[in-house]
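Q:
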Ligand SMILES: [Zn+2]
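As structure tokens, this is what we get:
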């Protein structure tokens, strides 16, 4: 192996208001041999948000370590962004390699990604969410689930008095004349989990003491004026953390934080800064299902990330099943059964859950075989059925293997991992000492639910 070398790619960008390119609206198309040949060590992203002009300045410094010499490299980025400067290892690329409209550094975010809103108290309230379209809608990246940088540092500049709540640990706030810059650092966030959240936020903060003995900051950025409601939801968080830590395993990001931010959109599993927009509503079961669902993704989605979007049920099926499991843990079996029955009625059964080959987001071919919301409800039902086949002990062990790659996870002894459906099936087989492929074949590779034939004859009941 040749000596590694680093590539640094600073960028400024501008975007028009044309529709996004087809390529931008897809995610997970595959990684090029060059992209597979690097370690994405760090993305340092500076955003300057101007809510009055609905514009952003962007500057990205991306650091890659090549495992072998490379003569070319590719990143994905919405082509509506015009790049105003582009350097590799400090050397500017030739002018002809650059897009035309050099010089402008303001750009308007595409509508699909951004929510430019006004807080109830009148200040700007801005959020982004790019799941589905992928990270290239917001920053230059490897738009694939396995394209995570080992670290993401953000410098988010906003009008003074506004807060930019983001992924990871707050390094500090630079108070400039008319703006404030919020500096954040996050360990290995999911590519679509990088998000801007800007508003007149206030903070609820405390340290949560884990059943594993470690403690972690627990931060909730709520809109000014919502303190009483926010305190109500914040009080639910310790119970949710304790449930996940008992049933699945240690909270994966205790070195960063437990984080929630109030957003103008419903919700998204933005790593360590979960987007929350459920208006503090408790459902019929007396808890905030949206908060619990998004938080489940810290384990199923962020710590364990699907290697391909064909394995997406590993994110959503498990995250969905965590609501009935939580209700059972919190309130008893009747609540579990009622929630399972509700989810049962939502199974569509149009396309198989898993195609068995790469299925990127947003292409015509994948949309034609998209399992849709079955990744949630049918996914949860598969897990419900499996749990009752293999028992609670084996089922919990299978979740630990999937999420941590080991049966004895403790804070500090695991790293974020990528997993496939096959990895999960293999884990179940290994833990139970039996071959469950017949079970997964029926539920994952068939679209419709299996039929139960019942025969009664001569005092005998035959089930097939
Ligand atoms: Zn989800």
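Residue numbers (our numbering): 141 to 604. All residues carry an ideal CB built from backbone N, CA and C; glycine is no exception.
By Cβ distance below 6 Å, which residues in the same chain neighbour residue 402 in space, the five residues on each side in sequence not counted?
A: 362, 363, 416
Q: Less than 8 Å between the CB atoms is what I'm expecting for residue 410 and residue 333, so what's the real figure, rounded?
A: 5 Å
Q: Buried or exposed, going by whether 16 or more other CB atoms sit within 10 Å of the CB of residue 439?
A: buried
Q: Decide if residue 337 is buried, meaning its Cβ has at least 16 other Cβ atoms within 10 Å, or exposed.
A: buried
Q: Taking 7 Å as the cut-off, is the beta-carbon of residue 459 closer than that to any non-hydrogen atom of ligand 1?
A: Yes, Cβ of residue 459 sits closer than 7 Å to a heavy atom of ligand 1.
Q: Tell me the residue span of the beta strand (DSSP E) that contains residue 297.
A: Its beta strand (DSSP E) spans residues 291-299.
Q: Between which two residues does the alpha helix (DSSP H) harbouring residue 457 extend?
A: 453-471
Q: Return no unless some Cβ of chain B is closer than 8 Å to the Cβ of residue 362.
A: Structure shown: chain B not included; a single protein chain is present.
Q: Grouping DSSP H, G and I as helix and E and B as strand, with all else coil, what is residue 213?
A: coil
Q: Could you compute how far the alpha carbon of residue 241 sits from the alpha carbon of residue 534?
A: Residue placement at residue 241 is flagged as unreliable, the pLDDT there being 37, under the threshold of 50; the coordinate-derived value follows with that caveat. CA-CA distance, residue 241 to residue 534, rounds to 59 Å.
Q: Taking the straight line between their C-alpha atoms, what separation do you get for residue 245 and residue 545?
A: Reliability fails at residue 245, whose pLDDT of 25 lies under 50, so the model's placement of it is uncertain and the value that follows must be treated cautiously. The alpha-carbon atoms of residue 245 and residue 545 are separated by roughly 44 Å.
Q: Give me, in chain order, the residues of the same chain whose beta-carbon lies closer than 6 Å to that of residue 251; leave out the 5 immediate sequence neighbours on both sides.
A: Residue confidence is low: residue 251 scores 37 on pLDDT, short of 50, so the model does not pin down where it sits. No coordinate-derived value is stated.
Q: By the 10 Å Cβ neighbour count, where 16 or more other Cβ atoms means buried, how is residue 183 classified, buried or exposed?
A: Buried, because 16 or more other Cβ atoms sit within 10 Å of the Cβ of residue 183.
Q: How would you label residue 161, buried or exposed, when you count the other beta carbons within 10 angstroms and need 16 or more for buried?
A: It is exposed - the Cβ of residue 161 has fewer than 16 other Cβ atoms within 10 Å.
Q: Can you give the Cα-Cα distance for residue 538 and residue 228, rounded to whole angstroms?
A: 44 Å
Q: Quick one: give me the first and last residue of the beta strand (DSSP E) that residue 259 is part of.
A: Going by DSSP, residue 259 is part of no beta strand (DSSP E) at all; its letter is neither H nor E.
Q: Rounded to a whole number of angstroms, what is the C-alpha to C-alpha distance between residue 168 and residue 347?
A: 37 Å
Q: So the alpha helix (DSSP H) residue 506 belongs to, where does it begin and stop?
A: 504-508
Q: Looking only at its own chain, which residues have a Cβ that is under 8 Å from the Cβ of residue 433, when we skip the five neighbours before and after it?
A: 407, 459, 460, 462, 463
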